[in-house]
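Worksheet: one structure, shown below.
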Amino acid sequence: MIRNLPARWDLEADVVAIGSGIGGLSAAITAHEHGSRALVLERTEELGGVTALSLGELWVAGNHHALAAGFEDSPDSGYRYLKRLSMGYGEDTAILNNVLHARVALQYFEEKIGLKTRVIPHCPDYYFGTTTDAVAQGRLLEVLPFPAQTLGDWRARTRVSPLVPYALTHEDIFENGGVANMRNWDFDLMAKRLQRDERCLGAGLAAYFVKGALDRGIGLHTGINAQDLICDGSRVVGVRATKDARDVFVRADRGVVLAVSSYERNAGYNKSLGQQLDLGSMVFPSIDGANFRLAGPVGARVARVPDITSLGFCVPGEETPDGEPLWRSALQPIGLPHTIVVNRMGRRFGNEAFYRSILYAVDIIDGGTQTHPNFPCWAIFDGQAREKYPFGSVMPGQDLPAGFGVRADSIVELAQRIGVDARALTDTVSAFNSYCGKSEDPEFHRGSHPWSAWMCGDPGNQPHPNLGPLLRPPFYAVQLHRIGGSAIPAAGVVSDHHARAVGWDDRPIEGLYVAGNSAARLETGACMQSGVSNARGMTHGYLAGRHASGRPSDLLQKERGRFGL
Amino acid sequence: MIETEQRISIGAGIEAVWEYVADIRNWASLMPGSQSCAVLNRDDSRWTLKVGAGGLVKTVIVAVHIEQWNAPAGVIFSYALQGEPVVGSGSYGAARKSAHETEITLKLRVAGSGPMSRLWEAMSTPLLPQLAKAFSERLKLEIEGAAHAAPPPGASSGRSSVLGGLGRWFLIRWRSIIRCGLQQ
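The listed protein sequences derive, respectively, from chains A and B.
Sequential numbering from 2 applies to the first sequence in our numbering.
Sequential numbering from 1445 applies to the second sequence in our numbering.
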């Protein structure tokens, strides 16, 4: 291992977490609670990381809230569910370790920092109804609204999301008809929460952990960019960071935790690690693969799992505070009734209401023609969809902004205007409309997942929440672009069951830990389940904080035999 | 409909305040995120603003119509966001407190229209008071800064230069705060 000790240390701690999302903050808080001095280095000026941009779901199998509510579940069932999702691309030990510890970590943070969570009512696992060991509700949790006024001066420097309505909970949204029925939402409640700055969803989840760190006096350093790990020849002992163009040497007597998310804003890494071209992104620019840049020189191993390329769009006139285009996900609007997605041949190519189905098809390569047959692609919808549903931030009944999408009085005209074969598109729409009448999509089984109806459907639409014909002009087409999966990556740094980074020799790298989306996604493998990313960040941080403080968890050792591992 | 009222005292006479307020381009330039102002005629203008909220910055074009100019004591206006179902109205009132002090009252109202009107109003609830406060305080700073920058009769040139420089420094700081502030 390299030896690059500095002449001086500017900051000293036992555990240094790089990144202030749920992974870094969990590690710092856990380390503090176990007697270590902890601090957090955050590259941007705001705390909360990608966690704050998310929907804030936590997927925790066998959690105490579900059990108390009488929902039947267990870690064993959760393990079997994730193992099936992984399709062999994950690692069974990593899956089990995550499932076992997520519920422990959840209770730990509820007890220590006052994290308040509850079961999201009627929110099923992605694969409920189609695979065994999936549950109808109980595993997906969300936070209760967090009073951000309690963050004091840090309130304005704790990140919120421009993409999700963080003044409402899942329960507020989905018990009132979901995104499809925005007009039914309780806007008085939204106004009250915005005025009081009560945060829900990911912004709320992140804020709970920021508060937990503040309450413990954990040093939260923003605007400081980790450049290299410092090693003493046998272990990682610190970080060289820069702040205001000056070096800052940060000593970490017990460990450094890499919790810097992934590489979605690094086009080179997207191409070479993710095999993804020209991605837009919903995350901020600092998510550029710092985990690899930092851990690479000390020999950390990288692993990759099969991944999807998401689809999204920019609404003209919307941008980020950095002045960049604001990308929005197409996940929800393309699953609504009266809406389909077609490729340049005018053909559907997947189940639009289940993003984990259609998105694997986006980047399929036709080796015969050296093309991506399903990209570019367009969302096609009719006047009924426009009248009833939002499309991103374009509200129901509102005209599409100038420069956004194409409008035509017929499907033929629409096809001609976007350069798609008119006959094929007409046939596609006709076939889809006939499926809607039968409430069954024999081609792609759209609507076969109860989760699709919950997340992307209109519960009031008959005969099916995800199936509604395209009949009423005008007709619309919005070209969809490739975007990243909100920093949930294909590749990451390999870690062991204590969240220690692992080298190419399969041995842990002493003093280096990795958490959340910085870590290889071996707990989920090929497929994915919402809420796992936040939960694994929290769990990795908990495990890293304990191990670095000399109090490693032995839960996996106790349980693994039961699973034949 | 959401409404808010903001009062502020400006250290300048009502005529001096009016001299500034009578030019609609000055109003537009005081708005947080102001990009440009196209004056169509004495009563109508189009303001392009970048409005920030919750990490989102949105470019909006506001059509402003002056209903009444009541020099120097008041202005009544209405406005509409182009392409968005949002309209509003408001008033500017000025009251002479002394020869060198004027009390300003700014009233703003916003109303959504159409099926999502309550969403627009919910989102405006925290924004509107911030907007009115920022506008009023910046109006005060601009007018008082200009008053300090102009050498009063009999004042030494050295003193006015220092105060003018200080005023400009405050203005620059204030502009940077405003640009970031409403986006937080």
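For every residue, glycine included, the Cβ atom is placed at its ideal position computed from N, Cα and C.
Source: prediction; values computed, not measured.
Pairwise C-alpha distance: Phe-250 (chain A) and Phe-72 (chain A) | For the pair Phe-72 (chain A) and Phe-250 (chain A), the Cα-to-Cα distance works out to about 50 Å.
Is Arg-44 (chain A) near Ile-309 (chain A), with beta carbons less than 9 Å apart?
-> Not a contact, by the Cβ cut-off of 9 Å.
Taking DSSP as the reference, what is the three-state secondary structure of Lys-113 (chain A)?
-> Helix at Lys-113 (chain A).
Between the CA atoms of Gly-532 (chain A) and Leu-56 (chain A) - distance to the nearest angstrom = Each residue's alpha carbon lies about 8 Å from the other.
What residue does the alpha helix (DSSP H) around Glu-414 (chain A) start on, and which one ends it?
-> For Glu-414 (chain A), the enclosing alpha helix (DSSP H) begins and ends at 412–419.
Name, in chain order, the residues that DSSP records as bridge partners for Phe-250 (chain A).
-> Phe-250 (chain A) has A:Arg-241 as its beta-bridge partners, per DSSP.
Over the uninterrupted alpha helix (DSSP H) stretch that includes Gly-384 (chain A), give me the two end residues.
-> 384–389 is the extent of the alpha helix (DSSP H) around Gly-384 (chain A).
Check whether the Cβ of Glu-43 (chain A) lies closer than 9 Å to any Cβ atom in chain B.
-> Judged by the 9 Å Cβ criterion, Glu-43 (chain A) is not in contact with chain B.
For chain B, find out if any of its Cβ atoms is closer than 9 Å to the Cβ of Phe-175 (chain A); answer yes or no.
-> So, not an interface residue.
With a 10 Å radius around its C-beta and 16 neighbouring C-beta atoms as the bar for buried, classify His-1544 (chain B) as buried or exposed.
-> With fewer than 16 other Cβ atoms within 10 Å, it is exposed.
Using a cut-off of 7 Å between C-beta atoms, extract the partners of Pro-1559 (chain B) located in chain A.
-> The answer, in chain order, is Arg-184, Pro-397 and Gly-398.
Cβ neighbours of Gly-91 (chain A) in the same chain (closer than 8 Å, five flanking residues each side left out) = Excluding its 5 nearest sequence neighbours in each direction, Gly-91 (chain A) has C-beta neighbours in its own chain below 8 Å: Leu-83, Lys-84, Val-306, Arg-522, Leu-523, Glu-524, Thr-525, Gly-526 and Ala-527, listed in chain order.
Going along chain A, which residues have a C-beta under 7 Å from Arg-1562 (chain B)?
-> Those within 7 Å of Arg-1562 (chain B) in chain A are Phe-188.
At a CB-CB cut-off below 7 Å, which residues of chain A make contact with Leu-1500 (chain B)?
-> What Leu-1500 (chain B) touches in chain A, judged by beta-carbon distance under 7 Å, is Pro-163, Glu-319 and Leu-327, going in chain order.
Could you list which residues in chain A have their beta carbon closer than 7 Å to that of Thr-1503 (chain B), in chain order?
-> Ordered by position in chain A, the residues that pass the 7 Å Cβ test against Thr-1503 (chain B) are Gly-318.
Can you tell which of A:Ser-78, A:Val-316 and A:Ile-219 has the C-alpha that lies nearest to the C-alpha of Lys-1502 (chain B)?
-> Measuring from the Cα of Lys-1502 (chain B), the nearest candidate turns out to be A:Val-316.
Nearest chain B C-beta to Arg-547 (chain A) closer than 9 Å, yes or no?
-> Not one chain B Cβ lies under 9 Å of Arg-547 (chain A).
Using a Cβ cut-off of 8 Å, pull out every chain B residue sitting near Leu-195 (chain A), in sequence order please.
-> Residues of chain B whose Cβ lies closer than 8 Å to the Cβ of Leu-195 (chain A) are, in chain order, Ala-1566, Met-1567, Thr-1569 and Pro-1570.
Any contact of the region 1455–1473 of chain B with the region 1505–1521 of chain B, i.e. 3+ C-beta pairs under 8 Å?
-> Yes, the region 1455–1473 of chain B is in contact with the region 1505–1521 of chain B.
Look at Leu-169 (chain A) and Cys-201 (chain A) and say whether their C-beta atoms are less than 9 Å apart.
-> Yes, the pair counts as a contact, with Cβ atoms nearer than the cut-off.
Count the other CB atoms, across all protein chains shown, that sit within 10 Å of the CB of Thr-429 (chain A); report buried if there are 16 or more and exposed otherwise.
-> Here Thr-429 (chain A) is buried, its C-beta having at least 16 other C-beta atoms within 10 Å.
Contact set between Gly-1534 (chain B) and chain A, taken where Cβ atoms lie within less than 8 Å = The contacting residues do not exist; Gly-1534 (chain B) stays about 19 Å from chain A at best.
When the cut-off is 9 Å and only beta carbons count, does Tyr-543 (chain A) lie next to chain B?
-> Closer than 9 Å: no.
Give a yes or no on whether 9 Å exceeds the smallest Cβ distance from Glu-1528 (chain B) to chain E.
-> Included in the structure are the protein chains A and B, with no chain E among them.
Buried or exposed: which applies to Ile-365 (chain A), given that a residue is buried once 16 or more other Cβ atoms fall within 10 Å of its Cβ?
-> Residue environment: Ile-365 (chain A) is assigned as exposed (fewer than 16 neighbouring CB atoms within 10 Å of its CB, all protein chains considered).
For Pro-1570 (chain B) versus Leu-190 (chain A), is the C-beta spacing smaller than 9 Å?
-> No, Cβ-Cβ distance for Pro-1570 (chain B) and Leu-190 (chain A) is not below 9 Å.
Verify whether the separation of the beta carbon atoms of Ile-335 (chain A) and Cys-457 (chain A) is less than 9 Å.
-> A contact, by the Cβ cut-off of 9 Å.
As assigned by DSSP and simplified to three states, the class of Arg-44 (chain A) | Arg-44 (chain A) falls in the coil class under three-state DSSP.
Under the three-state reduction of DSSP, which class applies to Arg-1451 (chain B): helix, strand or coil?
-> Residue state, collapsed to three classes: strand.
If you compare alpha carbons, which of A:Ala-488, A:Arg-547, A:Gly-562 and A:Pro-7 is closest to Ser-287 (chain A)?
-> Nearest option by C-alpha distance: A:Ala-488.
Determine the chain B residues that contact Pro-402 (chain A) at a beta-carbon separation under 9 Å, and present them in chain order.
-> Simply Gly-1527.
When Cβ atoms are compared, which residues of the region 329–343 of chain A fall closer than 9 Å to chain B?
-> Those residues of the region 329–343 of chain A that come within reach of chain B (Cβ to Cβ, closer than 9 Å) do not exist; the list is empty.
Are the beta-carbon atoms of Tyr-127 (chain A) and His-498 (chain A) separated by less than 9 Å?
-> Pairing Tyr-127 (chain A) with His-498 (chain A) gives a Cβ-Cβ distance that is not under 9 Å.
Kindly indicate which three-state DSSP category Pro-509 (chain A) falls into: helix, strand or coil?
-> The answer is strand: DSSP assigns Pro-509 (chain A) an E or B state.
Cβ-Cβ separation, Ala-492 (chain A) to Val-303 (chain A) (assumed contact under 8 Å), whole Å = In this structure Val-303 (chain A) touches Ala-492 (chain A) by the C-beta definition: roughly 6 Å separates them, less than 8 Å.
Asn-1485 (chain B) burial status per 10 Å Cβ neighbour count (16 or more: buried) | Under this definition Asn-1485 (chain B) is an exposed residue.
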